[in-house]
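Note that the sequence shown covers residues 20 to 483 in our numbering. Quick reminder that beta carbons are idealized off the backbone N, C-alpha and C, glycines included.
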Amino acid sequence: MKTTTPPQPGTPTPQAGVRAQGPAAKTSAKTSTKWTNWCRLYRSEPADIATPRDETELAALLTRATEENRTVRPVGGSHSFTPLAHTDDILLDMRHFRGLYAVDPVGGTVTLGAGTHLWELPGLLEPYGLALANMGDIDRQTIGGALSTSTHGTGLAYTGYAGMIRALRIALPTGDIVTASPTQHPELFEAARVGLGALGVIVHAAIAVVPSFILHAEERPVPLADTLENFIDLSREQDHVEFYWFQHTDVVARKINRRSPGFEGDKPLSGFKHWFEDELLNNGGHRAICELGKLIPKTVPTLNKLAARTMGNRSFADTSHKVFVSPRRTRFREMEYAIHIDDYQEVFSEVVRAVNAFPEGITFPLEVRAAKGDDVWLSTAHGRDSVYIAVHRFYREEHKKYFAVLEDIFKAAGGRPHWGKLHTLGPEDLHERYPKFGDWLKVRDQVDPNGILLNDYLAKMLGV
């Protein structure tokens with residue numbers, strides 16, 4: 020194994036969503052603090068923001084919190100739309116546990132600090148000729164947050180991030196720090212691969228990687244009717260397929276990514292083309308559409324038709340992360356459900372009818388992806404290949420009525436919500452949807468019987 024030096028303590032820029040006043044580098048700063056999540060839906064004023072520099076300080080923090088009966092919530096990139104990190108007590112910022120800890124090219128794994136952002140991975144892995152096998156389209160999250168919430172990309176041959184985990188180093192509320200893997204603390208490993216920050220604090224994770232590769236992207240507007248008919252077949256034939264559909268339109272913006280070891284004649288986007296299409300049109304233009312649609316609602320159908328026809332009509336190739344990830348500058352609220360792959364056509368047809376019948380104009384598209392089933396206890400794809408239907412609304416507009424209409428459809432189909440996105444499910448619903456939910460709760464009861472790592476949102480959702 021080739022081992023790299025862990026990142027040294029310094030004074031890194033605070034992570035997005037966390038704003039600390041005073042000596043934030045201290046383990047626990049007794050100062051005024053504020054936190055908000057990325058979509059600006061949840062805010063809190065933690066009593067303390069803790070930023071331990073090493074395992075010794077982290078263990079001491081958790082031990083002290085347990086002795087004083089305080090609560091601790093770890094925070095990553097603050098990109099979850101739910102109040103997972105919300106707390107009025109101790110907010111745990113893992114910014115010092117960041118970077119590449121070890122590389123094992125023979126075993127095909129790398130060990131990454133929990134505070135490492137996904138956008139940092141290319142710079143860490145490319146020197147070794149390595150990459151993640153799959154990524155989502157947003158890279159603002161941290162490793163700890165992405166693993167803990169069952170975050171995923173698209174591609175029926177590929178699992179979400181949690182399915183890539185080979186081992187975890189976890190700090191428990193007792194202050195003990197253990198390695199969990201299929202052979203060491205196996206039940207903790209199974210549960211903590213999607214642990215919601217409620218089973219312990221991830222220190223670092225050993226994650227499977229692959230040799231670096233090129234993605235060839237083809238983005239086209241195609242008829243909605245064709246997509247309803249052939250999305251599953253296409254997803255089985257191609258490496259990575261996803262599409263976006265706007266209310267009151269009959270086309271979708273479809274994206275197919277094909278893997279290759281080389282460019283094969285295709286070229287990356289030029290700097291100007293990337294700026295013009297991705298930043299100016301897809302971000303600036305869409306923000307303008309959202310603002311205009313909010314101001315003059317009757318324009319939404321026309322605006323959506325324009326967006327659907329202009330959002331993606333190009334081919335290019337680039338290193339994998341540059342194709343997987345898209346910049347997202349316009350804030351929104353999101354709900355996403357995973358449904359059984361066999362139910363896709365019926366469910367999405369019902370969703371289309373419901374969205375078109377909704378009395379308000381919706382300027383954000385629905386996003387549809389697919390992922391391979393896995394054996395992770397609280398993975399949204401546990402035991403089944405899944406289709407993900409994501410629903411968005413501009414952050415300056417009310418989302419609850421719109422989301423409620425579609426959530427009823429997803430719930431009736433036995434859908435599983437993304438743990439970091441908005442939903443209303445409680446413990447009874449979760450028991451019905453996750454065969455291992457009871458086992459997961461038993462592990463939680465064992466490692467954190469006093470609820471040190473809970474907040475009100477988690478306690479209500481989990482029924483503990």
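Asked                                                                                                       : Found
Beta-carbon gap between Ala79 and Val94 smaller than 8 Å                                                    : no
Nearest-angstrom Cα separation, counted from Ala121 out to Thr198                                           : 15 Å
heavy atom of the ligand SAM below 7 Å from Lys317 C-beta                                                   : As presented, the structure is devoid of all ligands, the ligand SAM included, so that no description of it is given.
Contact check, Gly331 vs Arg388, beta carbons under 8 Å                                                     : no
Environment of Ala272 [buried if 16+ CB atoms lie within 10 Å]                                              : buried
Continuous alpha helix (DSSP H) assignments of at least 4 residues falling wholly in the segment 197-237    : 205-211
Buried or exposed by the 16-neighbour rule on C-beta atoms within 10 Å, applied to Ser167                   : buried
Nearest neighbour of Leu144, chosen from Gly214, Pro230, Arg89 and Tyr177 [CA to CA]                        : Pro230
Spatially closest choice to Ala478 from Val462, Ala217 and Cys309, by CA coordinates                        : Ala217
Nearest to Glu416 (by Cα), restricted to the options Tyr263, Asn249, Phe383 and Ala69                       : Phe383
Unbroken alpha helix (DSSP H) run spanning Asp448, endpoints                                                : Pro446 to Arg452
Nearest candidate by alpha-carbon position, reference Asn301, set Thr268, Tyr263 and Lys391                 : Tyr263
Glu86, buried or exposed, once every other Cβ within 10 Å from all chains shown has been counted against 16 : exposed
Backbone CA spacing between Gln257 and Ile315 [nearest angstrom]                                            : 40 Å
Any 3 or more C-beta pairs closer than 8 Å across the segment 359-371 and the segment 122-130               : no
First and last residue of the uninterrupted alpha helix (DSSP H) at Phe335                                  : Segment Arg333 to Thr338 is the beta strand (DSSP E) holding Phe335; no alpha helix (DSSP H) there.
DSSP state of Glu355 mapped onto helix, strand, coil                                                        : strand
Pick from Lys274, Pro378 and Gly179 that is closest to Pro320, judged by C-alpha positions                  : Pro378
8 Å contact criterion, which Phe232 and Ala150 should meet: CB distance rounded                             : 6 Å
Classification of Glu296 by the beta-carbon crowding that lies within 10 angstroms, buried from 16 upward   : buried
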